[in-house]
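Student:
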Amino acid sequence: MMRIARTLAAALLAGAVAVGAQDAPATWLAADPGYRLAFPRDHASHPDHRIEWWYYTGNVETSSGRRFGYQLTFFRVGVDRRPVNPSRWAVRDLHMAHLAVTDVAVGRHHVAERLNRDGVGWAGASTETLHVWNDGWSARLDDATGAGAHLLNAASDDAGLAVDFRLVPERPPVLHGADGYSQKGAEAGNASHYYSLTRLRTTGRIMVDGEAFDVSGLSWMDHEFGTSFLEPAQVGWDWFSLQLDDGSDLMVYTMRRDDGIPDPRSSGTFIAPDGSITRLAAGDYALVPGRRWTSPSTGAAYPVAWTIHVPPLGIEIDVEATIDAQELETGESTGVTYWEGAIDARGTRDGASVSGPGYLEMTGYAGQPMSRVLR
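In the numbering used here, the protein residues as written are -9 to 365.
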């Protein structure tokens, strides 16, 4: 049964990507440098773009200090922007979702996933407000309090895994790139609209192996949408988000090319404690990999220790995974194998010691060039 599910998921996703790629020039809208993000409007779905995701990651702990990392991600991939078939079963979009929890004390990483179509109500995303759902999992904006809180809820009985969180922004949305237009490739259309909520005060409950814990901490939310992101030579990326104890936040990523050279369109954003923003070009920083962990399941070798150098900001930070084994094999949803997990950061900024939690995502290490997925 598991094998059948994986085969079906892969076939559906391959069909979605192939159809979307073929139709992109005529029907799906490319990211537009003239578009201006506005909120709360742009927390909602953008169905005229082929690819979209809402990405929540965070580090939380109990009152006694037991720590957990978590990831809850909702993906939408357009299949047919204007289906001719009037049936509710006609597929316009496929929706995938990943839930992962890192139990740092025990040293285990738990994963659950979902794959559903829209149309019959199994999954979807509102175009009016933030409300995305997939088979009982959801992220939505709580408009009742006026605090702009995000409510996350996801549970997997099979995995004994659940999160039920309330996330309150401590900062306004941070726009990456040029006013939220993030260029990924040489061609104008290879770009996305991209913003983050970099400090979300988080409270709620988490369940691991059927045991529930009251927790609190910090989360980070990324929302990105577009139609064609990467070019053939771009095989993957290494992405970092850091929430430092001096009140600053840092997002940097390097897109890796098949010739081993970092792509010059890699970029980052630094948010100072006072909220001021510094945008970083590829030449402003260096991400230096260190110790590697080899997955016993896929054979992929992931760097789980890094050093981040940002000379213009006086930043020198060492980063290390809280546990090495934080790989996701998502054969029942996106079909992509990647490493995403909780990290610890320690170093200096302008000579002063800083530390804090963060998250690291690494793609393209398991023999799956991401340019084939996000082309």
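Note that CB positions come from ideal geometry on N, CA and C, so glycine has one too. The model shown is predicted, which means the values in this text are computed figures rather than measured ones.
(1) What's the gap between the Cα of M86 and the Cα of T338?
(2) Do V198 and L62 come within 8 Å of each other at the CB atom, strictly closer than that value?
(3) Can you pull the DSSP bridge partners for G111?
(4) What is the DSSP secondary structure of Y355, counted as helix, strand or coil?
(5) Which two residues bound the contiguous beta strand (DSSP E) that contains T399?
(6) Out of D70, R98, V96, G138, which has the shortest C-alpha to C-alpha gap to R107?
(7) Measure the alpha-carbon distance for L350 versus T17 and round it to whole angstroms.
(8) Scan the region 289 to 317 and note each continuous beta strand (DSSP E) run of 3 residues or more that stays entirely inside, going in chain order.
(9) Sort out for me which residues DSSP pairs P252 with in a bridge.
(10) In whole angstroms, what separates the C-alpha of N143 from that of W43?
(11) Just mark R31 as buried or exposed, buried being the case when its beta carbon has 16 or more other beta carbons within 10 Å.
(12) Three Cβ pairs or more, each shorter than 8 Å: is that satisfied between the region 301 to 314 and the region 189 to 209?
(13) Can you name, in chain order, every residue of its own chain whose Cβ lies under 6 Å from the Cβ of A215, other than the five neighbours on each side?
(14) Would the beta-carbon of V370 fall within 8 Å of that of R255?
(15) On a Cα-Cα basis, can you pick out the residue from V294, G346, G24, S345 that is closest to A367?
(16) Could you give the first and the last residue of the continuous beta strand (DSSP E) run that contains T320?
(17) Any idea what DSSP makes of A272, helix, strand or coil?
(18) Assuming D261 and T188 make a contact with CB atoms under 8 Å, what is their CB distance in whole Å?
(19) What residue range does the beta strand (DSSP E) around T284 cover?
(20) In the DSSP assignment, what are the bridge partners of D83?
(21) Please name the residue or residues paired with Y171 in a DSSP beta bridge.
(22) Is the beta carbon of T312 sitting closer than 8 Å to the one on Y328?
(23) Residues in its own chain within less than 6 Å of H166 by CB, not counting five upstream and five downstream?
(24) How many angstroms separate the CA atom of L277 from the CA atom of L190?
(25) Could you say which of R57, Y355, H140 lies nearest to H121 if we only look at CA atoms?
(26) Measure how close the beta-carbons of Q316 and H99 come, nearest whole angstrom, since I'm counting them as under 8 Å.
(27) For Q12 and V96, what's the separation of their Cα atoms in angstroms?
(28) Hey, W210 and T47 are a contact pair by Cβ (cut 8 Å); roughly how many whole angstroms apart?
(29) Enumerate in chain order the residues of its own chain whose CB-to-CB distance from A356 is below 7 Å, with the five nearest sequence positions on each side excluded.
(30) With a 10 Å radius around its C-beta and 16 neighbouring C-beta atoms as the bar for buried, classify R104 as buried or exposed.
(31) Excluding five sequence neighbours on each side, which residues of the same chain lie with their C-beta closer than 7 Å to the C-beta of S116?
(32) Taking just the CA atoms, how far does L270 sit from K174?
(33) On the premise that A129 lies in contact with F29, defined as a C-beta separation below 8 Å, what is that separation, rounded to the nearest angstrom?
(34) Return the CA-CA distance between L19 and E118, expressed in angstroms with no decimal places.
(35) Which residues share a DSSP beta bridge with A34?
Tutor: Taking the definition as stated:
(1) On the sequence shown, position 96 is the one that residue 86 refers to. On the sequence shown, position 348 is the one that residue 338 refers to. One C-alpha to the other measures close to 39 Å.
(2) Numbered from its first residue, the sequence shown carries residue 62 at position 72. Numbered from its first residue, the sequence shown carries residue 198 at position 208. Against a cut-off of 8 Å, the Cβ pair of V198 and L62 comes out as no contact.
(3) Locating residue 111 in the sequence shown gives position 121, counting from the first residue. In DSSP, G111 forms no bridge with anything.
(4) One-based indexing of the sequence shown puts residue 355 at position 365. In the structure shown, Y355 sits in coil (DSSP, three-state: anything other than H, G, I, E or B).
(5) No answer is possible for residue 399: it lies beyond the span of the chain, which begins at -9 and ends at 365.
(6) Taking the sequence shown and counting its residues from 1, one reaches residue 107 at position 117. The option with the nearest alpha carbon to R107 is D70.
(7) Translated into positions along the sequence shown, residue 350 becomes position 360. Translated into positions along the sequence shown, residue 17 becomes position 27. Roughly 34 Å separates the two Cα atoms.
(8) 291 to 293, 295 to 300, 305 to 311
(9) Residue numbering aside, residue 252 sits at position 262 when the sequence shown is read from its first letter. For P252, which the question treats as bridged, DSSP gives the partners R246.
(10) For the purposes of this step, residue 143 is taken as residue 153 along the sequence shown, with counting starting at 1. For the purposes of this step, residue 43 is taken as residue 53 along the sequence shown, with counting starting at 1. Spanning the two alpha carbons is a distance of roughly 16 Å.
(11) Position 41 of the sequence shown, counting from 1, holds the residue named residue 31. Exposed.
(12) no
(13) In the sequence shown, the residue the question calls residue 215 occupies position 225. A small fix is needed here, since residue 215 is Phe in this sequence, not Ala. Contacts found: H36, H39, E42, H183.
(14) This structure leaves residue 370 out entirely; the chain is present only between -9 and 365.
(15) Residue 367 is absent from the structure shown; the chain starts at -9 and stops at 365.
(16) Against the sequence shown, residue 320 aligns to sequence position 330. Where T320 is concerned, there is no enclosing beta strand (DSSP E), given that its DSSP letter is neither H nor E.
(17) Here the question's residue 272 lines up with position 282 in the sequence shown. DSSP places A272 in helix when its eight states are reduced to three.
(18) Mapped onto the sequence shown, residue 261 falls at position 271. Mapped onto the sequence shown, residue 188 falls at position 198. Correcting the residue type first, residue 261 is Ile in the shown sequence and not Asp. The pair is a contact, with the Cβ atoms about 6 Å apart (cut-off 8 Å).
(19) For this step, residue 284 is matched to residue 294 along the sequence shown. Looking at the DSSP string, the run of the beta strand (DSSP E) that includes T284 is 282 to 284.
(20) Sequence index remark: in the sequence shown, residue 83 carries index 93 (1-based). The partner list for D83 (beta bridge, DSSP) reads G68.
(21) Indexing the sequence shown from 1 puts residue 171 at position 181. In the DSSP assignment, the residues bridged to Y171 are A168, H183.
(22) Taking the first residue of the sequence shown as 1, we reach residue 312 at position 322. Taking the first residue of the sequence shown as 1, we reach residue 328 at position 338. Their beta carbons are not under 8 Å apart, which means T312 does not touch Y328 by this criterion.
(23) As a first step, residue 166 must be located in the sequence shown, where it is residue number 176. S172, Y184, T259.
(24) Counting from one through the sequence shown, the residue named residue 277 turns up at place 287. Counting from one through the sequence shown, the residue named residue 190 turns up at place 200. Cα to Cα, L277 sits roughly 25 Å from L190.
(25) Taking the sequence shown and counting its residues from 1, the one referred to as residue 121 is at position 131. Ranking R57, Y355, H140 by Cα distance to H121 puts H140 first.
(26) Stepping through the sequence shown from its first residue, residue 316 is reached at position 326. Stepping through the sequence shown from its first residue, residue 99 is reached at position 109. Between H99 and Q316 the Cβ distance is about 5 Å, and since that is below 8 Å, they are a contact.
(27) Here residue 12 refers to the residue found at position 22 of the sequence shown. Here residue 96 refers to the residue found at position 106 of the sequence shown. Only weak support exists for where Q12 lies, its pLDDT of 43 falling under 50; the value from the coordinates is given anyway. So the two alpha carbons sit approximately 46 Å from each other.
(28) Here residue 210 refers to the residue found at position 220 of the sequence shown. Here residue 47 refers to the residue found at position 57 of the sequence shown. The pair is a contact, with the Cβ atoms about 5 Å apart (cut-off 8 Å).
(29) By one-based count along the sequence shown, residue 356 stands at place 366. Counting only Cβ-Cβ distances below 7 Å, and skipping sequence neighbours, we find T288, A290, T327.
(30) In the sequence shown, residue 104 corresponds to position 114, counting from 1. Buried: at least 16 other Cβ atoms inside 10 Å.
(31) Position 126 of the sequence shown holds residue 116. Result list for S116: A34, S35, in chain order.
(32) On the sequence shown, residue 174 is found 184 positions in, with the first residue counted as 1. On the sequence shown, residue 270 is found 280 positions in, with the first residue counted as 1. Between K174 and L270, the C-alpha separation is close to 14 Å.
(33) For this step, residue 29 is matched to residue 39 along the sequence shown. For this step, residue 129 is matched to residue 139 along the sequence shown. Incorrect: roughly 15 Å between the Cβ atoms, too far for contact.
(34) Counting from 1 along the sequence shown, the entry for residue 19 is found at position 29. Counting from 1 along the sequence shown, the entry for residue 118 is found at position 128. Cα to Cα, L19 sits roughly 19 Å from E118.
(35) Position 44 of the sequence shown, counted from the first residue, corresponds to residue 34. Bridge partners of A34: none, in fact.
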